[in-house]
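**Q** Those letters in the sequence shown? Residues 1 to 137, by full-length UniProt numbering.
We put the CB at the ideal spot given by N, CA and C, even for glycine.
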Amino acid sequence: MADTWLSDTRASYDTDASGYADRVRGLLDGKPYLRASLALFAESVKAAGGGPVADVGCGPGYVTEHLRDAGVDAFGIDLSPEMIALARRTYPRARFDVGTMTDLDLADGSLAGCSRSGRSSTFPTTRCPACSASSAA
1 MADTWLSDTR
11 ASYDTDASGY
21 ADRVRGLLDG
31 KPYLRASLAL
41 FAESVKAAGG
51 GPVADVGCGP
61 GYVTEHLRDA
71 GVDAFGIDLS
81 PEMIALARRT
91 YPRARFDVGT
101 MTDLDLADGS
111 LAGCSRSGRS
121 STFPTTRCPA
131 CSASSAA
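1. For D97, does the three-state DSSP call read helix, strand or coil?
2. Going residue by residue through the UniProt domain "Methyltransferase" (53-111), where are the continuous beta strand (DSSP E) segments of at least 3 residues, counting only ones entirely within it?
3. Hey, how far is the Cα of W18 from the Cα of R88?
4. Where DSSP assigns a beta bridge to S37, which residues make up the other side?
5. Could you pull out every residue in the same chain whose Cβ sits closer than 6 Å to the Cβ of D14, ignoring the five residues on either side in sequence?
6. Terminal residues of the continuous beta strand (DSSP E) containing R23?
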């Protein structure tokens with residue numbers, strides 16, 4: 001069941017990657033409460049000593065880049081190879097990896113924080129042990 005869900009989700013995001021990127025382009029500009037939430041998250045990570053932050057479910061990478069602009073060592077992870085390809089083209093200085101939040105190739109506790117962009121915000125951090133330190137939706 002899980003494999004079907006993951007492959008169906010991957011296929012749907014791969015199919016609409018550019019359309020999705022177009023829909024969310026500039027999203028943070030019109031959402032001051034999201035920018036404020038991300039700013040608070042960034043300040044919390046820095047106040048705790050910093051370190052890597054995974055933006056899990058990063059899609060086209062706009063939240064990853066916003067966190068990087070806020071001084072956070074953020075990188076993006078997404079299930080969709082097409083989303084990752086878009087993110088890499090749009091933000092070439094940032095790191096983006098294909099992966100799933102249910103099986104991250106990261107040691108438990110290796111992150112200073114975890115941003116769960118988009119739909120991944122519905123996943124509990126307990127399903128993502130590497131992300132359990134500090135999290136922002």
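**A** A quick look at the data gives this:
1. strand
2. 73-78 and 96-98
3. The amino acid at residue 18 is misidentified as Trp; the sequence shows Ser. Going by the C-alpha atoms only, they are around 13 Å apart.
4. BP columns for S37 are empty, so no partner.
5. S80 and E82
6. R23 -> not in any beta strand (DSSP E); alpha helix (DSSP H) instead, spanning A17 to V24.
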